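Inspection log for the structure reproduced underneath, given as structure tokens.
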Amino acid sequence: MWRIIPPVIPLKNLHQVVLRSSVNTVKLYHAKSGCFGYRPAPQIIHAESEEELQNRIKNANILRLVNAYREHGHKFADVNPLKTKNRDFQSVLKNSKEFSLENFGLDNVDVNKYFKLSGLLCYNGQEEATLSEILTHLEKVYCGQLSAEIHHIEDESEKLWLAQLIEKSVLYWTLENESKRQNYLAKLLLKSEAFDNFLAKKFPTVKRYGAEGAESMMAFFDELFLQSSYSKIQELVLGIPHRGRLNLLTGLLKYPTAQLFHKIKGNSELPPGAQGIGDVLSHLYTSVDLEDYDLRVTMLPNPSHLEAVNPVTAGKARGRQLTLKDGCFSNLADSPLGDKVLSVMVHGDASFSAQGIVAETFCLANLPHYSVGGTIHLIVNNQLGFTTPGERGRSSRYSSDVGKMIGCPVLHVNGANPEEVVRACRLAFEYRRKYRKDVIVDMLCYRRWGHNEIDDPSFTQPVMYQEIESRPSVPVLYANSLEQKGVAAIGSEGDSQYTDFLNDQLKRSDNFIPQTSHLEGHWKGFVQASPDKITTWDTGFPLEGLLFVGAKSVETPDSFNIHPHLKKTHAEARIKKLESGAGIDWATAEALAIGSLLHQGYHVRFSGQDVGRGTFSHRHTMLVDQQTDEMFVPLNNMSEQQKGFLEVVNSPLSEEACLGFEYGMSIENPNHLIIWEAQFGDFFNGAQIIIDTFISGGEAKWLLQSGLVMLLPHGYDGAGPEHSSCRVERFLQMTDSREDGVDGDCVNMQIVNPTTPAQYFHLLRQQMVRNFRKPLIVVGPKLLLRLPAAVSTLQEMGPGAHFRPVLGDASVNSASVRRVVFCSGKHYYALAKQREATNSLDTAIIRLESLCPFPAEMIRQELKKFPQAKEFVWSQEEQRNMGAWSFVSPRFENIVGVKLKYSGRRVLAVPAVGIGKLHSQEVTDILSGTFPNKDN
1 MWRIIPPVIP LKNLHQVVLR SSVNTVKLYH AKSGCFGYRP APQIIHAESE EELQNRIKNA
61 NILRLVNAYR EHGHKFADVN PLKTKNRDFQ SVLKNSKEFS LENFGLDNVD VNKYFKLSGL
121 LCYNGQEEAT LSEILTHLEK VYCGQLSAEI HHIEDESEKL WLAQLIEKSV LYWTLENESK
181 RQNYLAKLLL KSEAFDNFLA KKFPTVKRYG AEGAESMMAF FDELFLQSSY SKIQELVLGI
241 PHRGRLNLLT GLLKYPTAQL FHKIKGNSEL PPGAQGIGDV LSHLYTSVDL EDYDLRVTML
301 PNPSHLEAVN PVTAGKARGR QLTLKDGCFS NLADSPLGDK VLSVMVHGDA SFSAQGIVAE
361 TFCLANLPHY SVGGTIHLIV NNQLGFTTPG ERGRSSRYSS DVGKMIGCPV LHVNGANPEE
421 VVRACRLAFE YRRKYRKDVI VDMLCYRRWG HNEIDDPSFT QPVMYQEIES RPSVPVLYAN
481 SLEQKGVAAI GSEGDSQYTD FLNDQLKRSD NFIPQTSHLE GHWKGFVQAS PDKITTWDTG
541 FPLEGLLFVG AKSVETPDSF NIHPHLKKTH AEARIKKLES GAGIDWATAE ALAIGSLLHQ
601 GYHVRFSGQD VGRGTFSHRH TMLVDQQTDE MFVPLNNMSE QQKGFLEVVN SPLSEEACLG
661 FEYGMSIENP NHLIIWEAQF GDFFNGAQII IDTFISGGEA KWLLQSGLVM LLPHGYDGAG
721 PEHSSCRVER FLQMTDSRED GVDGDCVNMQ IVNPTTPAQY FHLLRQQMVR NFRKPLIVVG
781 PKLLLRLPAA VSTLQEMGPG AHFRPVLGDA SVNSASVRRV VFCSGKHYYA LAKQREATNS
841 LDTAIIRLES LCPFPAEMIR QELKKFPQAK EFVWSQEEQR NMGAWSFVSP RFENIVGVKL
901 KYSGRRVLAV PAVGIGKLHS QEVTDILSGT FPNKDN
């Protein structure tokens, strides 16, 4: 059976013209940029013919030889620019055991003998070739300055497809006859070098992490943008570390050069009026429309924690795909994505092999709810970490080997050959376009200077840097090679003009005013939060709507076989509570909040380990048919008119990559509520880098607002040192809440410890209702999920209701209160029970539902109700050196004017004891310390 796959149709608005078509390629001219691009010509896909099969059998030795080169060629490839001198290439191959003709029974075969190539090898479209020609072709394909590792790919058809594409591309994807394209690339590289030289001269003490030695990355990106344009990619999301970042920003991404100089001189890169502190030079970012490529490129900000941006890039890309409806999104699975949005990640060699987040991100690559249709990875391989050489920085042969965990093909390319880098980009792009999987380009290069420009690398790598110092630069080598081939000389006129341009931009930088808008597109209409007040938002929902959502949240098709236990305790019990309007538990309130947001058209993504059922078997947002294993999400089937949908994501056992992914989704679209739940509260510490560098400071550094919700189950119930505490003290310490002044909404994170389902309901809805976005850290319950006392009424979620940062105490006679106990979270219920047991009617208990922003004014209003109170206590179940004590104590004293006494556990090196009797004794001590015996 034969099937014709048509070529990609050129975009009309780019004025592309098909210049040449052959069996293997279609060449296109991009009129706006004056550059060329290449697309595969129509492919004929067919089952292996009988002739090919017989030829494979007949020439099995040749096939084994071909496969040997496909498997081992990369080991001998000429891809290291620092090891090309005096390299006897033919001698290396001749003496290699992998390619010894004797191994294949070909040692006595006449090298001029012809063999049919059908089903064996792609060679210049020829049907047959001599053994000598076959060897020469294989050496050129797999042992040249571009080689491939593909033998670890499990799918044989996929592996063969890529091998054939590589073998064809040696001939058809060449720039040998394209002088205009070659000149363009040479100028692009020389421009990058001139930029670095200019910065080195004008700002000699600045750490700029230039591209010197790796300038071919500019050729890679220019080609990537062209190929994206030809393939109708609309947006490219890019995560990139420091190296070459400024070159790419100013060279291809139109970042204002005057703004860059303005920043280097110590000025802010943020627009006037923006509330923020900015970030260092090497973390600059942009989002820009490239008219020449008809492509929007978003370069994400990247903290100095190398590779941390990887999952953020993937999450941002998927969020953008969701916004653009790039593929089919549903509650259970997704179809291949990436027609409109391309994810690209750039890495350093040392960090790529050593940072665990790289493997975690690869783990997400092909999973439902995480796939982005394949990411193109570029390793800018300096062959060196800070001072650690590659052989001491990894246990594997290549830094790229971690990609093999998902069968990711790897293209190794010599970074001193920009034309081969361009071919590697085309191969990677075509593989990703066809298979929608990740692919790696490992570009071996070097750093002309040290880790940064003011470092002396000869201290630790003297031999390497003797070689580097003796070499002309990559741009100069390439330009000279073109002149030697008779290509028009590049000349110095362009360099002079560019230097004049840079000098002009340097003069303009003193008076430059950044104009970048950080709230545009679907963020238009949003504002930065107020620094002056804590606002109140009506987050209630019509009662009839809540009843409808609640009923639909447990409704299943007649053909669905729900677990009999869940039918009674989950579905039927929920309906009874809704009908009574009372006893609304935590899971029901959550379903009502999410369902009401879906009804209003918001998308909700709820991810984490086992969130569908819930770690404590309380949620059951996703039901499983007991006979077929079919999964069903009732909230996605409320009505045919429903616009929003709930994406329930039972994540892999990862925290750092998964949380980074969710953060990336949250910064994409303010109308997507992104919730991540830790299985236990302390699991978040596996993702501490994401919290420290993105969530807590993303808006302050980069003006990126995020409405991400983190649910962290917390509570001391005898579970021991782990799984008790979510380390709320860490989050409080990371906030910019003032201890000597009143907080407003502008704090960097909202940290809450709610005690009722209604409060939780309003918190979730508030994330979408407000006209700004802030991360929400919920110190979540465990025991409260089913505690009879921790329930709410439907009325508390109705119109006019809202989240209350402070819950006062109306259960006592205010005139008789002599002691006021402040607390937060689950601990309240233990205190209330103890007060009743001890008949302590002179004690009021006030709950701080919000810790940050600190609700000082609301606390004052509650205290006015108890004019006779003389004693004020903070009671917590956490250790004294943990929990909220060290946060609330100075704020009560400095802002509220109240000095608190402490009642809680003593200091400890770990969050909780591991001995049951000690835990019980601690509980007794806390309660008796909070309500001391009046007789003593």
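All residue numbers for the sequence shown refer to full-length UniProt numbering, where the first residue is 1 and numbers rise by one.
Backbone N, C-alpha and C fix where the C-beta goes; we use that ideal spot for every residue, glycine too.
Just so it is clear, the structure is predicted and the values come from calculations on it, not from any experiment.
Just verifying my parser: in three-state terms, what is the DSSP assignment at Ile62? One-based indexing of the sequence shown puts residue 62 at position 62. Three-state result, Ile62: helix.
Tell me which residue opens and which closes the beta strand (DSSP E) that Phe661 is part of. Residue numbering aside, residue 661 sits at position 661 when the sequence shown is read from its first letter. Phe661 -> not in any beta strand (DSSP E); alpha helix (DSSP H) instead, spanning Glu656 to Ser666.
Straight-line Cα distance separating Ser216 from Ser192: Here residue 192 refers to the residue found at position 192 of the sequence shown. Here residue 216 refers to the residue found at position 216 of the sequence shown. Approximately 10 Å, taken between the alpha carbons.
So the candidates are Gly798, Ala856, Ser816 and Ala801; which of them puts its Cα closest to the Cα of Phe822? Numbered from 1 along the sequence shown, position 822 holds the residue referred to as residue 822. It is Ala856.
Could you tell me the distance, in whole angstroms, from the CA atom of Arg508 to the CA atom of Ser530? In the sequence shown, residue 508 corresponds to position 508, counting from 1. In the sequence shown, residue 530 corresponds to position 530, counting from 1. Computed Cα separation, rounded: 34 Å.
For a test of the three-state rule: what should DSSP assign to Gln627, helix, strand or coil? For the purposes of this step, residue 627 is taken as residue 627 along the sequence shown, with counting starting at 1. Secondary structure of Gln627 (DSSP, three-state): coil.
On the three-state DSSP scale, how would you describe Cys823? Your numbering for residue 823 matches position 823 in the sequence shown. Residue state, collapsed to three classes: strand.
For Leu248, does the count of other Cβ atoms within 10 angstroms reach 16, so buried, or fall short, so exposed? Stepping through the sequence shown from its first residue, residue 248 is reached at position 248. So Leu248 counts as buried.
Beta strand (DSSP E) segment containing Lys852, residue limits: Start at 1 with the first residue of the sequence shown, and residue 852 comes out as number 852. At residue 852 the sequence reads Cys, which differs from the Lys that was named. Residue range Ser850 to Cys852 is occupied by the beta strand (DSSP E) that includes Cys852.
CB-CB length for His412 against Leu384, believed under 8 Å: By 1-based counting over the sequence shown, the position of residue 412 is 412. By 1-based counting over the sequence shown, the position of residue 384 is 384. With 8 Å as the limit, His412 and Leu384 do not qualify as a contact, their Cβ atoms being about 17 Å apart.
Ordered list of beta strand (DSSP E) runs contained in the region 688-764, each at least 3 residues: 709-713 and 750-752
Within the chosen definition, does the region 839-847 reach the region 893-908 through at least 3 CB pairs nearer than 8 Å? no
Based on Cα-Cα distance, which residue from Pro805, Val817, Ile667 and His802 lies nearest to Gly319? For the purposes of this step, residue 319 is taken as residue 319 along the sequence shown, with counting starting at 1. The shortest CA-to-CA distance from Gly319 to any of Pro805, Val817, Ile667 and His802 is the one to Ile667.
Beta-carbon separation (whole angstroms), Ala589 vs Ser553, contact threshold 8 Å: On the sequence shown, position 589 is the one that residue 589 refers to. On the sequence shown, position 553 is the one that residue 553 refers to. Wrong, their Cβ atoms sit about 11 Å apart, outside the cutoff.
Cβ separation of Ile584 and Leu623, assumed to be a contact under 8 Å, to the nearest whole Å: Within the sequence shown, residue 584 is the residue found at index 584, counting from 1. Within the sequence shown, residue 623 is the residue found at index 623, counting from 1. Going by Cβ atoms, the distance from Ile584 to Leu623 rounds to 20 Å, so no, they are not a contact pair.
Kindly indicate which residue of Leu270, Gln182 and Leu281 has the alpha-carbon position closest to the one of Val206. Counting from 1 along the sequence shown, the entry for residue 206 is found at position 206. Cα-wise, what sits closest to Val206 is Leu281.
Distance check for Leu918 and Arg835, CA to CA, integer angstroms please. Residue numbering aside, residue 835 sits at position 835 when the sequence shown is read from its first letter. Residue numbering aside, residue 918 sits at position 918 when the sequence shown is read from its first letter. About 23 Å.
Report the rounded CA-to-CA distance for Asn936 versus Asp692, giving the unit in angstroms. Residue mapping note: residue 936 aligns to position 936 of the sequence shown, counting from 1. Residue mapping note: residue 692 aligns to position 692 of the sequence shown, counting from 1. Any answer about Asn936 is weak, because its pLDDT of 44 lies below 50 and its placement is not dependable; what the coordinates show is given next. Near 47 Å, if we compare the C-alpha coordinates of Asp692 and Asn936.
So, at 8 Å on beta carbons, what are the nonlocal neighbours of Gln921 in its own chain, with the 5 sequence-adjacent residues on each side left out? The sequence position of residue 921 within the sequence shown is 921, counting from 1. Nothing listed; no residue qualifies.
Chain-order list of residues whose beta-carbon lies under 6 Å from that of Ile62 (same chain, five-residue window excluded): Here the question's residue 62 lines up with position 62 in the sequence shown. Excluding sequence neighbours, Ile62 sits near Phe115 and Leu120.
Cα separation between Asp717 and Ser228? Looking up residue 717 in the sequence shown gives position 717. Looking up residue 228 in the sequence shown gives position 228. Taking the straight line from one Cα to the other gives about 55 Å.
Closest to Phe195 by CA distance: which of Met749, Phe560, Thr250 and Phe76 is it? As a first step, residue 195 must be located in the sequence shown, where it is residue number 195. The shortest C-alpha separation from Phe195 is found at Thr250.
For Gln766 and Gln795, I'd like the C-alpha separation in whole angstroms. Position 766 of the sequence shown, counted from the start, is the residue given in the question as residue 766. Position 795 of the sequence shown, counted from the start, is the residue given in the question as residue 795. Cα-Cα distance, rounded: 17 Å.
So, is Thr387 buried or exposed, given that buried needs 16 or more other C-beta atoms within 10 angstroms? Within the sequence shown, the letter at position 387 stands for residue 387. Thr387 is exposed by the Cβ-count criterion.
Starting from Glu922, trace the alpha helix (DSSP H) in both directions and tell me its first and last residue. Position 922 of the sequence shown, counting from 1, holds the residue named residue 922. Per DSSP, Glu922 belongs to the alpha helix (DSSP H) from Gly916 to Thr930.
I'd like to check one pair, His618 with Phe680: are the Cβ atoms closer than 7 Å? The sequence position of residue 680 within the sequence shown is 680, counting from 1. The sequence position of residue 618 within the sequence shown is 618, counting from 1. Result no, Cβ atoms of Phe680 and His618 do not sit closer than 7 Å.
Inter-residue Cα distance where the pair is Val791 and Thr735: Translated into the one-based positions of the sequence shown, residue 791 becomes position 791. Translated into the one-based positions of the sequence shown, residue 735 becomes position 735. For Val791 and Thr735, the gap between their C-alpha atoms comes out near 30 Å.
Please report the distance separating the alpha-carbon of Ser559 from that of Phe616. On the sequence shown, residue 559 is found 559 positions in, with the first residue counted as 1. On the sequence shown, residue 616 is found 616 positions in, with the first residue counted as 1. Roughly 27 Å separates the two Cα atoms.
Look up Ser607 in the DSSP assignment and give the residues it is bridged to. Working through the sequence shown from its first residue, we reach residue 607 at position 607. For Ser607, which the question treats as bridged, DSSP gives the partners Val649 and Trp676.
Is Gln876 helix, strand or coil by DSSP? To locate residue 876, count along the sequence shown from 1; it is residue 876. Gln876 falls in the strand class under three-state DSSP.
So, using beta-carbon positions, are Ala274 and Phe512 closer together than 7 Å? Against the sequence shown, residue 274 aligns to sequence position 274. Against the sequence shown, residue 512 aligns to sequence position 512. No, they are not a contact pair.
Distance, Cα to Cα, Ala571 vs Val633? Counting from 1 along the sequence shown, the entry for residue 571 is found at position 571. Counting from 1 along the sequence shown, the entry for residue 633 is found at position 633. Cα to Cα, Ala571 sits roughly 13 Å from Val633.
Measure how close the beta-carbons of Ala678 and Gly744 come, nearest whole angstrom, since I'm counting them as under 8 Å. Residue 678 sits at position 678 when you count from the first residue of the sequence shown. Residue 744 sits at position 744 when you count from the first residue of the sequence shown. With 8 Å as the limit, Ala678 and Gly744 do not qualify as a contact, their Cβ atoms being about 28 Å apart.
Tell me the rounded alpha-carbon separation between Phe362 and Gly213. Position 362 of the sequence shown holds residue 362. Position 213 of the sequence shown holds residue 213. In a straight line, the C-alpha of Phe362 is about 28 Å away from that of Gly213.
For Asp292, tell me which candidate among Gly276, Glu223 and Pro301 has the shortest Cα-Cα distance. Here residue 292 is taken as the residue at index 292 of the sequence shown, counted from 1. Minimum Cα distance to Asp292 is reached at Glu223.
Exposed or buried, Ile376, counting other C-beta atoms within 10 Å across all chains shown (16 or more means buried)? Counted from its first residue, the sequence shown places residue 376 at position 376. The residue is buried, with at least 16 neighbouring Cβ atoms inside 10 Å.
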